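First comes the structure, then the notes that go with it.
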Amino acid sequence: MTMRALKRYARPLAVVLCLHAFAATVDAMPPPIRFSAQFPVSESMEARIRFWIRIFTEVSHTEAVLHDRDDPRIVYDVVPVGPSGVGGPLDAARASYDHLLTSIALIAPAFPFSAPSPERVRVATLFSSAGVSPQGMVHAIGNIRAQRGLREVFADGLVRAQLYMPAIKKIFSDAGLPRELIYLPHLESSFNPNAVSKAGAVGLWQFTRETAERYLNLDREPNARVDPVRSSEAAAAHLARSFEVLGSWPLAVAAYNHGVAGIARARSQVGSDSIDDIIRGYDGQTFGFASQNFYAEFLAAAHVARNADYYFPELKRTPVLQYVVRPGDSLWKIARQHQITVRELTVANDLGRSPLRQGQRIVIRRSTAA
772 MTMRALKRYA RPLAVVLCLH AFAATVDAMP PPIRFSAQFP VSESMEARIR FWIRIFTEVS
832 HTEAVLHDRD DPRIVYDVVP VGPSGVGGPL DAARASYDHL LTSIALIAPA FPFSAPSPER
892 VRVATLFSSA GVSPQGMVHA IGNIRAQRGL REVFADGLVR AQLYMPAIKK IFSDAGLPRE
952 LIYLPHLESS FNPNAVSKAG AVGLWQFTRE TAERYLNLDR EPNARVDPVR SSEAAAAHLA
1012 RSFEVLGSWP LAVAAYNHGV AGIARARSQV GSDSIDDIIR GYDGQTFGFA SQNFYAEFLA
1072 AAHVARNADY YFPELKRTPV LQYVVRPGDS LWKIARQHQI TVRELTVAND LGRSPLRQGQ
1132 RIVIRRSTAA
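Per the working numbering: the sequence shown = residues 772 to 1141.
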């Protein structure tokens, strides 16, 4: 099935995509964190969600948040990072905080009459405010993780999502799935149908070939994984199957990252259907930071996308056009036609080295003054 299948679901396509999700007025207060009843949020889960909201909306890709790997409430600093995301100020800052934690947790108790520095007081307060005991600080030594900011990535995903949301909403509504699930591609691909992971996962929903073949005939439709409609139909079927097996949406969402068998194994070992209990109690070798945080990250993405007018008000001033690739088109030709640079076109569509395909829909984004 080609990109033309989008017409089955979308409204008549205007030349200018109206970012209708963006309201005319930006609220002064942050929008409340609320989801439908299928997606419960505990106090500890809300802390994780708030961490990811910050990553998606406040922290640039040129920065990284240094935080405790197990408790996202404990954020030490935001430091600049280079293109590679490693070395330089990042490693120096991490080593400095490890040294400070060692001093507070192991050395300071032996010298109780030493006057603490303001930085020691600040870091110690991070733990006491989170209800972490002094003994817990010992565990935090060597447990500092760096999370690169994703503000620009998320903003670009919001723009690209306008091309595919009408179709995805219709598919998921027809399947009777919770409305929050339509935002999963923000995590998987930033709504780039050409995205390819290092593991070979492809498309908006990042299907591996093995998973996709359960729902798609790839011999007959070799490009189905990069087709927004066919891959969205497969994603809806996959999520419905996960829910049928696991019996809860938090577990089904976690399974999108960790696998249905993996989450079933975690549930069995912990003896609980609670995603919070599994995060706290499961010690599976492959159940690392990404799997532990996937549910919170997903809900944060859904929250930000639904409240994009508050978090990304600048997008209201960005005219967005869509263009259907025709025979003979090239990036240079399309960029020249719309008076933008090839780099602007490539970045707006997260094309990388992916070749253009006839019938492919891309966005033309022009920044304007306020």
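Heads up, the beta-carbon is just placed ideally off N, CA and C, and yes, glycines get one too.
Since we're looking at a predicted model, the values are computed, not measured.
- Looking at the DSSP output, residue 848 sits in a beta bridge with 837.
- Distance from the CA of residue 918 to the CA of residue 969, rounded to the nearest whole angstrom, comes to 19 Å.
- Check the Cα spacing between residue 1096 and each of 1071, 1126 and 1005: the tightest is with 1126.
- A contact is defined here as three or more CB-CB pairs under 8 Å, and the segment 928–937 meets this definition with respect to the segment 1072–1087.
- CA-CA distance, residue 1087 to residue 964, rounds to 24 Å.
- In the DSSP assignment, no residue is bridged to residue 877.
- Straight through space, the alpha carbons of residue 1049 and residue 934 are spaced by roughly 36 Å.
- Secondary-structure assignment with DSSP links residue 916 through a beta bridge to 838.
- For residue 891 and residue 921, the gap between their C-alpha atoms comes out near 29 Å.
- Looking only at 1019, 847, 814 and 1091, the smallest Cα-Cα distance to residue 1115 is reached by 1091.
- Three or more beta-carbon pairs separated by less than 8 Å are not found between the segment 1097–1108 and the segment 861–868, which leaves the two stretches without contact.
- Under the criterion of beta carbons closer than 8 Å, residue 831 and residue 923 qualify as touching, at roughly 7 Å.
- Just so you know, the alpha carbons of residue 1030 and residue 916 end up roughly 24 Å apart.
- By the CB criterion at 8 Å, residue 991 and residue 978 fall outside the cutoff.
- Between the alpha carbons of residue 1012 and residue 808 lies a distance of about 20 Å.
- For the pair residue 957 and residue 1076, the CB atoms are nearer than the 8 Å cut-off.
- Counted as a single uninterrupted DSSP element, the beta strand (DSSP E) harbouring residue 1133 occupies residues 1132–1136.
- Between residue 987 and residue 1007, the C-beta spacing is not below 8 Å.
- Scanning its chain for C-beta atoms nearer than 7 Å, with the 5 sequence neighbours on each side dropped, one finds around residue 1014 the residues 1020 and 1023, in chain order.
- Residue 849 and residue 834 do touch by the CB rule: their CB atoms are close to 5 Å apart, below 8 Å.
- DSSP places residue 986 outside any alpha helix (DSSP H), giving it a letter other than H or E.
- Annotated three-state conformation of residue 830 is coil, per DSSP.
- Residue 870 is classed as exposed because its beta carbon has fewer than 16 other beta carbons within 10 Å across all chains shown.
- The Cβ-Cβ distance between residue 994 and residue 819 does not fall below 8 Å.
- In this structure the segment 899–909 does not lie against the segment 1050–1061, because fewer than three pairs of beta carbons, one per stretch, are closer than 8 Å.
- Just so you know, the alpha carbons of residue 911 and residue 1062 end up roughly 20 Å apart.
- When secondary structure is reduced to three states using DSSP, residue 954 falls in the helix class.
- Here the C-alpha atom of residue 900 lies approximately 16 Å from the C-alpha atom of residue 872.
- Only residues of its own chain outside the window of five on either side were considered, and among them 812, 951, 1070, 1073 and 1074 have a CB closer than 8 Å to the CB of residue 806, listed in chain order.
- Non-local C-beta neighbours of residue 876 in its own chain, meaning closer than 6 Å and more than five positions away in sequence, comprise 908 and 909, ordered along the chain.
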